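If you use our numbering, the sequence shown closes out at 777, no skipped numbers anywhere.
To start, the structure itself, in C-alpha cells.
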Amino acid sequence: MSTFLIVNWILFLLVLGYGLYLFASLVYQRYTFIKLGKQAEWSQTNKERLEQVMINVFGQKKLLKDKKSGIIHVMMFYGFILVQFGAIDFIWKGLAVGTRFPHVPLGPLYPIFTFMQEIVMLMILVAVVWGFYRRYVEKLVRLKRNFLAGLALIFIGGLMVSVLFGNGFYLVYKEELPMWGEPVATLIGSAFAWVPGGVAFALFVVFWWLHLLFLLSFMIYIPQGKHAHLIAGTLNVWLGRTHKVGRLAPVDFSAMEEAEESDEEVVFGVNKIEDFNQKQLVDLYACVECGRCTNVCPATGTGKMLSPMDLIVKLRDHMNMKGAAITRKSPWAPALLFQNTQGAEIAAAAQDGHMLVADELIGNVITEEEIWACTTCRNCEDQCPVMNEHVDKIIDLRRYLVMMEGKMDPEAQRTVANIERQGNPWGMNRKERENWRKDREELVIPTAKEKKKAGEAFEFLFWVGAMGSYDSRSQKVAQSFASVLNKAGVSFAILGNEEKNSGDTPRRIGNELLFQELAEANIKLFEKYGVTKIVTVDPHAYNTFKNEYPDFGLSGVKVYHHTELLAELLDTGRIKPDFSVNERVVYHDSCYLGRYNGIYDAPRFVLERIPGVELVEAERNRENGMCCGAGGGLMWQEEKVGTRVNVARTEQLLETKPTVIGSACPYCLTMLSDGTKAKEVDETVGTFDVVELLDRAIAPLEVPEPLVQ
Numbered sequence: 069m070s071t072f073l074i075v076n077w078i079l080f081l082l083v084l085g086y087g088l089y090l091f092a093s094l095v096y097q098r099y100t101f102i103k104l105g106k107q108a109e110w111s112q113t114n115k116e117r118l119e120q121v122m123i124n125v126f127g128q129k130k131l132l133k134d135k136k137s138g139i140i141h142v143m144m145f146y147g148f149i150l151v152q153f154g155a156i157d158f159i160w161k162g163l164a165v166g167t168r169f170p171h172v173p174l175g176p177l178y179p180i181f182t183f184m185q186e187i188v189m190l191m192i193l194v195a196v197v198w199g200f201y202r203r204y205v206e207k208l209v210r211l212k213r214n215f216l217a218g219l220a221l222i223f224i225g226g227l228m229v230s231v232l233f234g235n236g237f238y239l240v241y242k243e244e245l246p247m248w249g250e251p252v253a254t255l256i257g258s259a260f261a262w263v264p265g266g267v268a269f270a271l272f273v274v275f276w277w278l279h280l281l282f283l284l285s286f287m288i289y290i291p292q293g294k295h296a297h298l299i300a301g302t303l304n305v306w307l308g309r310t311h312k313v314g315r316l317a318p319v320d321f322s323a324m325e326e327a328e329e330s331d332e333e334v335v336f337g338v339n340k341i342e343d344f345n346q347k348q349l350v351d352l353y354a355c356v357e358c359g360r361c362t363n364v365c366p367a368t369g370t371g372k373m374l375s376p377m378d379l380i381v382k383l384r385d386h387m388n389m390k391g392a393a394i395t396r397k398s399p400w401a402p403a404l405l406f407q408n409t410q411g412a413e414i415a416a417a418a419q420d421g422h423m424l425v426a427d428e429l430i431g432n433v434i435t436e437e438e439i440w441a442c443t444t445c446r447n448c449e450d451q452c453p454v455m456n457e458h459v460d461k462i463i464d465l466r467r468y469l470v471m472m473e474g475k476m477d478p479e480a481q482r483t484v485a486n487i488e489r490q491g492n493p494w495g496m497n498r499k500e501r502e503n504w505r506k507d508r509e510e511l512v513i514p515t516a517k518e519k520k521k522a523g524e525a526f527e528f529l530f531w532v533g534a535m536g537s538y539d540s541r542s543q544k545v546a547q548s549f550a551s552v553l554n555k556a557g558v559s560f561a562i563l564g565n566e567e568k569n570s571g572d573t574p575r576r577i578g579n580e581l582l583f584q585e586l587a588e589a590n591i592k593l594f595e596k597y598g599v600t601k602i603v604t605v606d607p608h609a610y611n612t613f614k615n616e617y618p619d620f621g622l623s624g625v626k627v628y629h630h631t632e633l634l635a636e637l638l639d640t641g642r643i644k645p646d647f648s649v650n651e652r653v654v655y656h657d658s659c660y661l662g663r664y665n666g667i668y669d670a671p672r673f674v675l676e677r678i679p680g681v682e683l684v685e686a687e688r689n690r691e692n693g694m695c696c697g698a699g700g701g702l703m704w705q706e707e708k709v710g711t712r713v714n715v716a717r718t719e720q721l722l723e724t725k726p727t728v729i730g731s732a733c734p735y736c737l738t739m740l741s742d743g744t745k746a747k748e749v750d751e752t753v754g755t756f757d758v759v760e761l762l763d764r765a766i767a768p769l770e771v772p773e774p775l776v777q
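What follows is the structure, encoded as C-alpha cells:
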C-alpha cells in the first residue's frame, strides 16, 4: 500500500470518526430534550404505523398535495437515497487507488451502475436549481429566504458537483476517456483532458475530500436545523397520533384532589415546554419549515398574528435553549464554531448557576393573540407532510390561560358563563329551548319525555343544539330536518328543555372542567332515555359525541350527522325529491365535518339528488376547504385584527358565481350569511343548509293530530 493511501486512510478514519461522534452526540442531546416532556400514551398498532410510513414517507402523499414542491421533494428524496450507492463508490475510489478493486466490484454491470447514478445526480441538481428558483426567484411567501434556508440546497448541490467533477478528473488520471457509463464525467474530463495525469489525480483528491467534508458537514447539520425532519419526521409518522383526529386528550382532575392532600401545586394546561408530552416535542423537531400549514391557515391568511409554522419553530427553538440550560451543554456543534451563540451562552451561564431562559411560554415565546387566533380548523395538520399536530398544543396553552390564570376574551368569558348558567351561549332561558318546534304546526317533533310518557320508543335522538333551538335562522334548519324525518317516517325525539350544551365551545376555549361536567350530565340523560342513535345538524356536537364522549363513558351509541342520515334515506328510497330547486349551489365544507371526520361525499350526494341543482366547487374544497371562522370558540368572539375570516371565505365561494351557498353546519351558515351581507350580495346569493334545499324538493306535509292531548 502506498504512503498516500496510508495517510489518506488515517485522515479519513479520523475525520469520519469525529463527524460520527458529533452527529451521534447531537442526536442523543435532542433525545434528552424530548425526554423533558411528559410520558405519552400510544394508540396505534405497528401495522397502522407501517402503513402510515409507507403512505406518507415513501409515498410522499401529503407532500404531493402541492404538486410543484412535491415533485421537487420526491426527486431529492429518492435521488438522495439512490445516490448514496454512488457516494460509496466514489469514497471507495479514493481509498483504493491503484489496488486490485479500484471501485465497487460490479463486473460488467459497473458501467450501467455509474450511468444510472449520473442520471440520478442530474435529477437532483435539477431539483436543487428548481428549489433555489422557488425560494429566491419566485419567492413563495411560505418559504423562508435566509442563508440557513438555502444551506441544505448548497450541501446537496455540492455533494453532486463534487462527485461529477471528481469522477471527471479520475477518468483523466486513469486515461479512460471516453467512458460511456459516465457521460457527464466524460464531458467534464474531456474539457480538462490537457491536464497532466499527476495534476488530474491531485484534483480528484481535492474533490474527493470536498465530497467527504460536504457529506459529514451535512450530517452534522441535520440534527441542528430544519433537516432534523429527516430523522424526527419519519419517527413522527411512525409514532402516529396519540389520539384519533377530533379527540382532545382529557384533563385528569383527580390530580387536583391528590395535590390538595400533598400540598403540591397542580397545573392544568401548558405553560412550560416540559408540560407538553414527548410526542408533542417530537413534533417540534419533525417540522420541515415548508410553510404549508401557514399557507392555508385562515388566521394567517386574514392578517392575524398566528402562523402555525412559526408557533412550532418558536417552541422548538425554546426547547433547544431550555435543554441547553438544563443539560448545561450547548445545543450546537462543533463548539468552536458556535461559541458566541445564544445556546452556548445559556449553557455557560447554567454551569455558573444562572438560568437565562424564561420558564413560561405564554408571553415569552407565544403571545396570547396567537393562542386565541386559532379556529381549530386543522387545515394546518391536514397539510403537514410529517403529521405534526398544532391544534392540541394551542388548546393546551388555552387551558392554562383559562383554568390557571382565568384569562380569556370578555366575550368568550360571557359565553362560557351563559353556557354554565343556562346551557346556551346567549344566556337565554333554558325553559324556552323547545319553543322552536311550535312555529310549523304541520311538524311532529316530540320530546323524549313526551315519548316516554306515551309509552312509545324512538329510533333517533335529534340533538338540536343551541343554534337550532335559539337562533332564528338555524331554527329553520332544524325545522327542515324534522320535516324530512317526518316525510321519511323516521321515529325520533328531541330532548327539548332538558337538552344542555354539548360542551364543544367550552372545551375549545379551554374550560375543560365545564366540558367534562356537561359531558357527564348529557351521558346520564342519554342513558335515562335509552338512546342508541343520535343525529345532529351540528358538526361540532357530532364530533364531540362521536370522538370525545367515549372517554367519559358513552358507549353503544351510534352518532350521525344529518347529511349522513339524509344520504342513507335517499339511497334507500325512503325519501324522493320530486320538485326542482333550480339553483347553482357551491358547497362549503365544515371543518368539523370534513377534516375532523372525513365526511365530504354525503352532503354532495344529497345535493346531487335534488332536481335542478347545479353543484359547483370552490377552488378550496373538501380537505383543503377554508374555515368559516367560527371554530375554536371564535363564533362567540369578534375579530379585531385583519380581515374577517368569514368574509374571506365568502369571497372565495362567490368566485364560482353561485345563486346559493350551501353548508351543513349552523355555525358555517351564520358566518357565510354574514359574509354575503358584508359583500352586499345577500339579496342575490342565498345561504342555505343542505337539508333546507332537500325539504323544498319533497312534497309538503299535512297538519297532523297532536301526539299528546
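No residue lacks a Cβ here, since even glycine has one placed at the ideal position from N, Cα and C.
If you're wondering where the values come from, they're calculated on a predicted model, not measured in any experiment.
Q.
Between the segment 709-721 and the segment 371-384, can you find at least three pairs of beta-carbon atoms closer than 8 Å?
A. Touching, yes, given that three or more Cβ pairs across the two stretches are closer than 8 Å.
Q | Distance between residue 426 and residue 109 (C-alpha atoms, nearest Å) | A | So the two alpha carbons sit approximately 28 Å from each other.
(Q) Below 8 Å on the Cβ atoms is my contact criterion, and I expect residue 702 with residue 368 to pass it. Report the Cβ-Cβ distance as a whole number of Å. (A) No, residue 702 and residue 368 are not in contact; Cβ-Cβ is about 14 Å, not under 8 Å.
(Q) Quick check: the Cα distance between residue 714 and residue 298, rounded to an integer number of angstroms? (A) Put simply, the backbone Cα of residue 714 is about 37 Å away from that of residue 298.
Q. Is it buried or exposed for residue 616, if we count other Cβ within 10 angstroms and need 16 for buried?
A. Burial call: buried.
Q | Own chain, CB closer than 6 Å to residue 278, minus 5 neighbours either side, in chain order | A | The beta carbon of residue 278 is closer than 6 Å to those of 230 in its chain, skipping five residues each way along the sequence.
**Q.** Assigned secondary structure, residue 652 (DSSP; H/G/I helix, E/B strand, else coil)
**A.** It is a strand residue.
Q: At 3 residues or longer, and completely inside the segment 666-704: list those beta strand (DSSP E) runs for me, N to C.
A: Contiguous beta strand (DSSP E) elements confined to the segment 666-704 occur at 681-684, taking only those with 3 or more residues.
Q: Would you be able to state if there are at least three C-beta pairs under 8 Å between the segment 585-600 and the segment 285-294?
A: Counting Cβ pairs under 8 Å, fewer than three are found: no touch.
Q: In angstroms with no decimal places, state the Cα-to-Cα distance between residue 405 and residue 416.
A: Distance between the alpha carbons of residue 405 and residue 416 is about 15 Å.
Q.
Quick test of the definition: if touching needs 3 or more C-beta pairs under 8 Å, does the segment 195-204 touch the segment 112-131?
A. For the pair of segments examined, the segment 195-204 was found not to touch the segment 112-131: the number of CB pairs separated by less than 8 Å stays below three.
Q. Would you report the Cα separation of residue 608 and residue 84, rounded to the nearest angstrom?
A. Their Cα atoms are separated by approximately 55 Å.
Q: Rounded to whole angstroms, what's the CA-CA distance from residue 73 to residue 159? Just pull it up for me.
A: Pairing residue 73 with residue 159, the inter-Cα distance amounts to about 12 Å.
Q | Buried versus exposed, by CB contacts within 10 Å (16 or more), residue 665 | A | Buried, since its Cβ has 16 or more Cβ neighbours within 10 Å.
Q) Does the separation of the CB atoms of residue 576 and residue 421 fall below 9 Å? A) Result no, Cβ atoms of residue 576 and residue 421 do not sit closer than 9 Å.
Q | residue 146 - DSSP class collapsed to helix/strand/coil | A | Reduced to three states, the DSSP call for residue 146 is helix.
Q: Leaving aside the five residues before and after residue 345 along the sequence, list all residues of the same chain whose C-beta is less than 6 Å from its C-beta, in chain order.
A: Excluding sequence neighbours, residue 345 sits near 105, 106 and 108.
Q) Closer than 8 Å: is that where the CB of residue 150 sits relative to any heavy atom of the ligand ZN? A) The model on display carries no ligand, and the ligand ZN is accordingly not part of it.
Q: Enumerate in chain order the residues of its own chain whose CB-to-CB distance from residue 683 is below 7 Å, with the five nearest sequence positions on each side excluded.
A: Result list for residue 683: 653, 655, 672, 675 and 676, in chain order.
Q: Give the secondary structure of residue 235 by DSSP, where H, G and I count as helix, E and B as strand, and everything else as coil.
A: Of the three classes helix, strand and coil, the one that applies to residue 235 here is helix, per DSSP.
**Q.** Residues of its chain near residue 593, where Cβ-Cβ distance is below 7 Å and the 5 sequence neighbours each way are ignored
**A.** So the qualifying residues of the chain are 563 and 566.
Q. Can you name, in chain order, every residue of its own chain whose Cβ lies under 7 Å from the Cβ of residue 581, other than the five neighbours on each side?
A. So the list reads 321 and 471, once near-sequence residues are dropped.
Q: With distances taken Cα to Cα, identify the nearest neighbour of residue 117 among 401, 303 and 391.
A: Checked all of 401, 303 and 391; the closest Cα to residue 117 is 303.
Q) In terms of residues, what are the limits of the beta strand (DSSP E) holding residue 531? A) It spans 528-531 - the beta strand (DSSP E) in which residue 531 sits, taken as one unbroken run.
Q: From the DSSP output, in three-state form, read off residue 628 for me.
A: The DSSP-derived three-state label of residue 628 is strand.
(Q) Does residue 81 pass the burial test, meaning 16 or more other C-beta atoms within 10 Å, or should it be called exposed? (A) Exposed, because fewer than 16 other Cβ atoms sit within 10 Å of the Cβ of residue 81.
Q | Of the residues 163, 411 and 504, the one placed nearest residue 71, counting alpha carbons only | A | In terms of CA proximity to residue 71, 163 leads the group 163, 411 and 504.
Q: For residue 268, collect the residues of the same chain with a Cβ closer than 6 Å to its Cβ; drop the 5 residues on either side in sequence, then sort them by chain order.
A: Listed in chain order, the non-local C-beta contacts of residue 268 below 6 Å within the same chain comprise 237, 240 and 241, local neighbours out to five positions each way being set aside.
Q) If you count every other CB in all the chains shown that lies within 10 Å of the CB of residue 723, and 16 or more means buried, which is it? A) The residue in question, residue 723, is exposed, as its Cβ has fewer than 16 Cβ neighbours within 10 Å.
Q | Pairwise C-alpha distance: residue 602 and residue 530 | A | In a straight line, the C-alpha of residue 530 is about 6 Å away from that of residue 602.
Q.
Output needed for residue 252: all residues of its chain with C-beta closer than 6 Å, excluding positions within five of it in sequence on either side, in chain order.
A. Excluding residues within five positions, the ones whose Cβ falls inside 6 Å are 186 and 232.
**Q.** Same chain, Cβ closer than 6 Å to residue 649, five either side skipped, listed in chain order
**A.** Cβ neighbours of residue 649 beyond the five flanking positions: 678, 680, 681, 761, 764 and 765.
**Q.** Buried versus exposed, by CB contacts within 10 Å (16 or more), residue 401
**A.** Residue 401 comes out buried.
**Q.** Burial state of residue 99, where buried means 16 or more other Cβ atoms lie within 10 Å
**A.** Looking at its Cβ environment, which holds fewer than 16 other Cβ atoms inside 10 Å, residue 99 is exposed.
Q: Label residue 515 either buried or exposed according to how many other C-beta atoms from any shown protein chain fall within 10 Å of its C-beta, with 16 as the threshold for buried.
A: By the 10 Å Cβ count, residue 515 comes out buried.
Q) Are three or more beta carbon pairs between the segment 733-742 and the segment 529-544 nearer than 8 Å? A) The segment 733-742, when compared against the segment 529-544, does touch it at the 8 Å Cβ threshold.
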